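Just so we're aligned: the sequence shown equals residues 26 to 487 in my numbering.
Idealized CB from N, CA, C, for every residue including glycine.
Quick caveat, the model's predicted, so the values are computed rather than measured.
Read the structure below first, then the notes.
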Amino acid sequence: MSVTDSFATLTLPDLLHQPREEIRALQNRLLKEQIEVCYKYHPFYSKLMKKEGLEPRHIQTSDDLIRLPATSKTDFLNDPEAFRLRGDDLPLEQRTIWKIMYTSGTTSGTPAPIYVTTFDEHAYLCAAERRTDFIDIRPTDMVANLFPLTSFPLGAYSRAPDEASACGAAIVYAHTGRPSEPFPVHRSLDQAVRTVERHKVTVLWGVASFVRRVLVRAQELGADFSHVRMAMITGEAASPALRKDMLNRLREVGAKDPKLCNRYGSTEQGASMVECTDGSGFHILAPDQVFHEVIDTATGKRLPDGEKGMIAFTHLIRRGSVFLRYMMGDVVTMTNESCPYCGRTGPRISSQPVRSGDILKVKGMLVNMQVVKDYLDQVVEVNEYQIVIRPMDAKDELSMDELVLRLNVRAGVEAETTKTVVEEIAKTIHLTPKIEYADKDAIFDPAVDAKPRRLVDLRPPR
Ligand SMILES: [Zn+2]
């Protein structure tokens with residue numbers, strides 16, 4: 026059976042209601058061909074397979090995949106071009122570059138390109154169209170693309186029109202972002218609010234903190250958002266407190282019965298996961314395009330369901346930039362149990378993803394800063410915040426760490442709010458933060474940055 030036949034055998038929602046073995050069998054058929062293509066045309070994986078003494082015949086199923094060492098983001102950032110298939114004899118649509126998106130580098134400012142072929146673009150459109158029972162975009166919708174106009178094309182910015190068009194919806198762009206010379210194309214936050222109003226937008230889509238700032242500003246401007254029925258948020262972990270806050274704000278600007286769609290994905294993966302119900306865990310919506318597993322970073326071994334580790338994905342039917350066992354940088358647990366809320370049988374991420382960078386050593390103690398973020402997200406008096414870890418003495422290489430909390434608090438309640446915040450944090454993580462007050466925009470300027478940097482580690486690498 027060829028890949029195309031396999032792909033056409035099942036469609037969502039049927040796919041996610043199929044017995045687990047059916048889904049696995051389909052994944053295995055697709056994986057086999059993906060591995061063959063990588064062995065022939067993928068600079069990084071053909072080299073890695075040869076180094077490990079592996080041939081395509083050794084990787085016939087997703088269980089065999091564990092023979093291949095996992096790929097880190099550093100592997101990719103070191104040489105992004107080595108992750109692009111180079112198959113000159115592949116069919117035209119499988120080798121033609123439809124577009125290039127970028128993912129930001131972790132340390133330097135150089136973004137890394139992700140190549141999307143015509144074939145991959147069609148796969149994305151197909152997945153977007155058939156998942157509308159999860160991500161409810163309707164042909165009658167007007168979507169606002171609230172992703173900023175950045176110095177390199179962000180994945181989400183260019184996926185918004187893909188998805189809106191696949192679902193037959195209309196789309197309008199806000200084009201906020203850092204002003205660039207010589208073309209004055211960027212618009213302000215206020216203009217973004219007015220665009221939403223003018224076009225009677227029904228779906229807001231952007232980075233969670235930015236969508237929240239649009240709502241805050243809409244309220245200040247007295248804008249009418251009564252036509253908005255859903256906000257889709259992505260790009261950062263959105264705590265239950267943040268989601269609740271956003272729903273309240275949507276109601277305050279006139280939305281009747283607003284919904285929030287919390288999406289989890291990555292540009293490298295080219296796929297999204299969402300919850301069917303708040304707290305259900307993130308459903309993997311295209312198990313016929315991407316395979317997921319959880320890996321123990323210390324040993325590189327695959328972990329069973331329910332055990333916490335690094336989430337990794339493997340492309341099953343991809344022709345531009347292809348990744349196998351690529352670790353996304355988030356710590357999760359997975360489950361293959363049927364969903365207690367919707368009954369779907371497909372795999373799910375069963376815990377809220379925690380960025381592995383959020384777990385770090387401060388003053389010699391391992392601290393999960395996600396806990397601090399979750400706490401601060403639900404303090405309504407806190408307008409903006411940033412957690413900074415820096416050496417107490419910048420000139421001393423071996424200086425002690427210092428935990429600083431940059432805060433912007435609602436006027437009039439600074440002293441009491443700060444006191445409570447300091448006490449709560451000290452109680453939770455056993456570290457007492459030093460407080461520095463700052464302007465809202467000095468912490469996160471939505472007109473300049475795509476998303477806030479909630480956690481900043483200024484310590485020299487050791
Ligand atoms: Zn479900």
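Sub-8 Å separation of residue i and residue j beta-carbons
i	j	result
R184	Y140	no
V168	V228	yes
A248	V210	no
P471	R238	yes
R327	I91	yes
C463	N433	Inspection of the sequence shows that residue 463 is occupied by Ala rather than by Cys. Yes; because the gap between Cβ atoms is below 8 Å, this pair is in contact.
S234	E261	yes
M352	K98	yes
N361	D330	yes
K459	V481	no
L349	R415	no
I84	I48	no
H252	V226	yes
R369	H67	no
C63	V347	yes
Minimum C-alpha distance to residue i - residue among the options
i	options	result
E46	F69, S87 and G382	S87
C301	Y366, V438, N273 and G345	Y366
S129	Q403, A137 and W123	A137
C192	V473, L179, I160 and R203	I160
Y289	D303, F144, F307 and K75	F307
A311	M298, S363, P164 and A323	M298
V413	R92, R327, E461 and P44	E461
F316	F338, S305 and R223	F338
A419	R344, P485 and E61	P485
D355	M335, M425, R369 and F348	M335
A217	Y198, E406 and D303	Y198
A170	H83, T259, L391 and V387	According to the sequence as given, residue 170 is Asn; it is not Ala. Among H83, T259, L391 and V387, the Cα nearest to that of N170 belongs to T259.
L93	E80, E206, A296 and F101	E80
A280	Y127, E245 and A256	A256
M425	V226, G389 and A153	G389
S381	R156, Y127, I320 and K444	I320
A451	E439, L483 and Y400	Y400
N273	K57, L240, D39 and N103	L240
L246	D215, G231, P265 and L275	D215
I122	F101, N103, D104 and H147	H147
A243	S264, V221, W230 and A263	V221
T453	K465, V392, R431 and Q411	V392
L55	S376, L385 and R343	R343
Q52	E427, D89, K284 and K386	D89
Exposed unless 16 or more other CB atoms sit within 10 angstroms - verdict on residue i
i	result
H455	exposed
T132	Because the pLDDT of T132 is 47, which lies under 50, any placement of that residue in the model is unreliable, and the number read from its coordinates should be weighed accordingly. When all chains shown are included, T132 counts as exposed.
P164	exposed
E409	buried
S176	exposed
V473	exposed
F250	buried
P477	buried
F208	exposed
A194	buried
E293	buried
H340	buried
M417	exposed
R223	exposed
M271	buried
G371	buried
F469	buried
V438	exposed
T445	exposed
V232	buried
L40	buried
D145	buried
R479	buried
R435	exposed
A467	exposed
G295	buried
Cβ distance (whole Å) where residue i is taken to contact residue j below 8 Å
i	j	result
V379	Q395	5 Å
K72	G112	About 16 Å; that fails the 8 Å criterion.
E118	T142	7 Å
Y149	D187	6 Å
T358	E332	6 Å
V407	T442	7 Å
P173	G202	4 Å
Exercise. Mind pulling the beta strand (DSSP E) runs of 3 or more residues that sit fully within the region 224-264?
Worked result: 228-232 and 255-259
For this session: Could you name each continuous beta strand (DSSP E) segment of 3 residues or more that falls completely within the region 340-417, going from the start of the chain to the end?
Result: 351-357, 384-387, 390-393 and 407-416
For this session: Note down, one range per segment and in chain order, each alpha helix (DSSP H) of at least 4 residues found wholly within the region 88-115.
Result: 98-103
Exercise. Going along the chain, which unbroken runs of the alpha helix (DSSP H) with 4 or more residues stay wholly within the region 124-155?
Worked result: 143-155
Exercise. Counting only runs that start and end within the region 278-311, where is the alpha helix (DSSP H) found for 4 or more residues in a row?
Worked result: none
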